[in-house]
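The structure appears right after this line, and notes come after that.
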Amino acid sequence: MDNINKFKKPTNINLVFGFIITISIIIIVIIWYGLSNFKNTASEISNLSSKIIVLENKLASTTEDLNTNIQKSNATLSDTLKQNVGNIEQKLGAYSQEVGSYTDTVTTLQKLSKTDPQLLVKYSKVFFLNENYAPARLTEIPNEYKYSDSKVLKLNTQVWPYVKKMIDDAKKAGINIYAFSAYRSFNEQQALKGQYSVTYGAGSANSFSADQGYSEHQLGTTLDFMTQGLNGNLDGFENTKAYQWLSDNAFRYGFIMSYPKNNKFYVFEPWHWRFVGVELAIDLHNKKINFYDMDQRAIDEYLVSIFD
Ligand SMILES: [Zn+2]
Numbered sequence: 006m007d008n009i010n011k012f013k014k015p016t017n018i019n020l021v022f023g024f025i026i027t028i029s030i031i032i033i034v035i036i037w038y039g040l041s042n043f044k045n046t047a048s049e050i051s052n053l054s055s056k057i058i059v060l061e062n063k064l065a066s067t068t069e070d071l072n073t074n075i076q077k078s079n080a081t082l083s084d085t086l087k088q089n090v091g092n093i094e095q096k097l098g099a100y101s102q103e104v105g106s107y108t109d110t111v112t113t114l115q116k117l118s119k120t121d122p123q124l125l126v127k128y129s130k131v132f133f134l135n136e137n138y139a140p141a142r143l144t145e146i147p148n149e150y151k152y153s154d155s156k157v158l159k160l161n162t163q164v165w166p167y168v169k170k171m172i173d174d175a176k177k178a179g180i181n182i183y184a185f186s187a188y189r190s191f192n193e194q195q196a197l198k199g200q201y202s203v204t205y206g207a208g209s210a211n212s213f214s215a216d217q218g219y220s221e222h223q224l225g226t227t228l229d230f231m232t233q234g235l236n237g238n239l240d241g242f243e244n245t246k247a248y249q250w251l252s253d254n255a256f257r258y259g260f261i262m263s264y265p266k267n268n269k270f271y272v273f274e275p276w277h278w279r280f281v282g283v284e285l286a287i288d289l290h291n292k293k294i295n296f297y298d299m300d301q302r303a304i305d306e307y308l309v310s311i312f313d
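Residues 6 to 313 (my numbering) are what the sequence shown spells out, left to right.
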């Protein structure tokens, strides 16, 4: 029995030892295999990581390039747009200026087409207004503005407001001014000239009002004024306050004295006032020029603004 046990014991130990060795070898193999696999995986991960980093870098630099390009493009685009907008604005400015000047021209032409071209014409002993001429519209002057109630006086409708304002303002200043004569038709003028000729003889009649005021009264823009204290006699008008007031103020209402004292062409008529528009009347007053001394072409420049 002991022998058997003695024999069997070493056998068991050997078996156990062998088993342990085998297991150990297996474990070592497994560990080695695992380690080498792990090593491979780790290196693969490391490779991948570095690839990712490279890609990320590339992406970052590409993004940066892209951003720079976008910024550049934006700047270029914005510059181009600005330039284009600037060009368009400049063109629009030029167009609107052109349109503006066309509009001005059209307005001027429209105004001129509605303005009677005769209103600023210089008439002389040899150049008369056509006998068929009559103002487009006439307004009857109210009694309170006339020297005589019995006489009907008419005036160019567009001129009447200027006269009314002038007479009203003179009255406020304590000066009485009345309309004594206004529009006279060709036939009325002929009759008046006849009277003068009968009274003074044809030679002297030709040298005064019947001739020189002839066309201006036919225009309907011209009046002879009267004031109190003269018994309806125009001859003393020169020495009245009314004449003084008109000399100082009539230009503000667009009126000029057609035949002032010492003028080169005609007999002095202090009562005879013609409407030429405020602008021209002021210029004549300031420059101390007589209407009949002015060049007709220079006068015509004022036609467009005669009723401004
Ligand atoms: Zn007159």
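Glycine included, every Cβ here is placed at the ideal spot set by N, Cα and C.
Straight-line gap, residue i to residue j (C-alpha atoms, nearest Å)
| i | j | result |
| --- | --- | --- |
| residue 306 | residue 252 | 24 Å |
| residue 234 | residue 174 | 20 Å |
| residue 262 | residue 94 | 52 Å |
| residue 176 | residue 105 | 43 Å |
| residue 213 | residue 271 | A caution first: residue 213 carries a pLDDT of 45, below 50, which makes its placement in the model unreliable, though a value can still be read off. Their Cα atoms are separated by approximately 8 Å. |
| residue 264 | residue 277 | 7 Å |
| residue 22 | residue 48 | 38 Å |
| residue 181 | residue 274 | 19 Å |
| residue 17 | residue 38 | 31 Å |
| residue 293 | residue 87 | 56 Å |
| residue 54 | residue 73 | 28 Å |
| residue 237 | residue 295 | 27 Å |
Limits of the unbroken beta strand (DSSP E) element including residue i
| i | result |
| --- | --- |
| residue 279 | 277-280 |
| residue 299 | No beta strand (DSSP E) holds residue 299; DSSP gives it neither H nor E. |
| residue 261 | 260-262 |
| residue 151 | Taken as a continuous stretch (DSSP letters only), residue 151 belongs to no beta strand (DSSP E), as it is neither H nor E. |
| residue 289 | Not the beta strand (DSSP E): residue 289 falls in the alpha helix (DSSP H), residues 283-292. |
Beta-carbon spacing of residue i, residue j below 7 Å
| i | j | result |
| --- | --- | --- |
| residue 249 | residue 127 | no |
| residue 226 | residue 280 | yes |
| residue 312 | residue 163 | yes |
| residue 160 | residue 151 | no |
| residue 283 | residue 117 | no |
Residue i Cβ short of 6 Å to ligand 3 heavy atom set
| i | result |
| --- | --- |
| residue 229 | In the structure on display, ligand 3 does not appear, and the ligands it does have are ligand 1. |
For residue i, three-class secondary structure by DSSP
| i | result |
| --- | --- |
| residue 136 | coil |
| residue 309 | helix |
| residue 184 | strand |
| residue 274 | coil |
| residue 92 | helix |
| residue 110 | helix |
| residue 229 | strand |
| residue 42 | helix |
| residue 144 | strand |
| residue 212 | The predicted position of residue 212 is uncertain, since its pLDDT is 45 and thus under 50; no value can be drawn from it. |
| residue 159 | strand |
| residue 189 | coil |
beta-carbon residue i near ligand 1 non-hydrogen atom, thresh 6 Å
| i | result |
| --- | --- |
| residue 277 | yes |
| residue 218 | yes |
Span of the alpha helix (DSSP H) around residue i
| i | result |
| --- | --- |
| residue 174 | 165-177 |
| residue 244 | Taken as a continuous stretch (DSSP letters only), residue 244 belongs to no alpha helix (DSSP H), as it is neither H nor E. |
| residue 123 | Note, residue 123: premise wrong, no alpha helix (DSSP H); not H, not E. |
Any C-beta of chain B under 7 Å from that of residue i
| i | result |
| --- | --- |
| residue 145 | In the displayed structure, chain B is absent; only one protein chain is listed. |
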